[in-house]
Amino acid sequence: MEELDRAAREEMIVDALAEYCRERVPEGREFRTDRPFFENGLTSRMLVEIVVLLRERGIPVSMLDFFRQRTVDRLAATLSDRLANT
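When we follow UniProt numbering, the leftmost residue of the sequence shown carries the number 1, and every step to the right adds one.
Below, the structure written as structure tokens:
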């Protein structure tokens with residue numbers, strides 16, 4: 001992923017997170033990348049599944065990241081920066 005610039009990495013992470021989340025938010029609820037995960041209707045179990053998904057894609061992430069960076073947008077920015085520094 002080193003060959004991707006920051007914006008491209010961030011977009012890739014947002015897309016992966018948003019795809020997963022949109023498929024799982026409660027029916028009738030709009031998913032927004034700037035809204036906290038739990039306010040979007042996600043559960044702790046879903047966040048564990050996202051950790052596995054991201055790690056399978058080579059993105060270093062922990063559960064603690066979801067509590068520090070509470071939205072998709074903020075988490076994607078943090079993970080993009082982390083990838084740039086690895």
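Note that beta-carbon positions come from the ideal geometry of N, C-alpha and C, so glycine has one too. All of these numbers come straight from a predicted model, not from anything done at the bench.
Expressed to the nearest angstrom, what Euclidean distance is found between the alpha-carbon atoms of Ala18 and Asn85?
Along the sequence shown, read from residue 1 onward, the residue named residue 18 stands at position 18. Along the sequence shown, read from residue 1 onward, the residue named residue 85 stands at position 85. Between the alpha carbons of Ala18 and Asn85 lies a distance of about 24 Å.
Give me whichever residues DSSP pairs with Pro36 in a beta bridge.
Reading the sequence shown from its first residue, position 36 is the one you call residue 36. Pro36 is bridged to Thr71.
Are the beta-carbon atoms of Leu75 and Arg9 separated by less than 9 Å?
Position 75 of the sequence shown holds residue 75. Position 9 of the sequence shown holds residue 9. Contact flag unset, no.
Could you check which residue in Gly28, Cys21, Asp5, Ile59 has the C-alpha nearest to that of Val72?
To locate residue 72, count along the sequence shown from 1; it is residue 72. If we check each option's Cα against that of Val72, Cys21 comes out closest.
Hey, is Arg6 close to the ligand GTP, as in C-beta under 8 Å from one of its heavy atoms?
With respect to small molecules bound, the structure shown includes none, and the ligand GTP cannot be examined in it.
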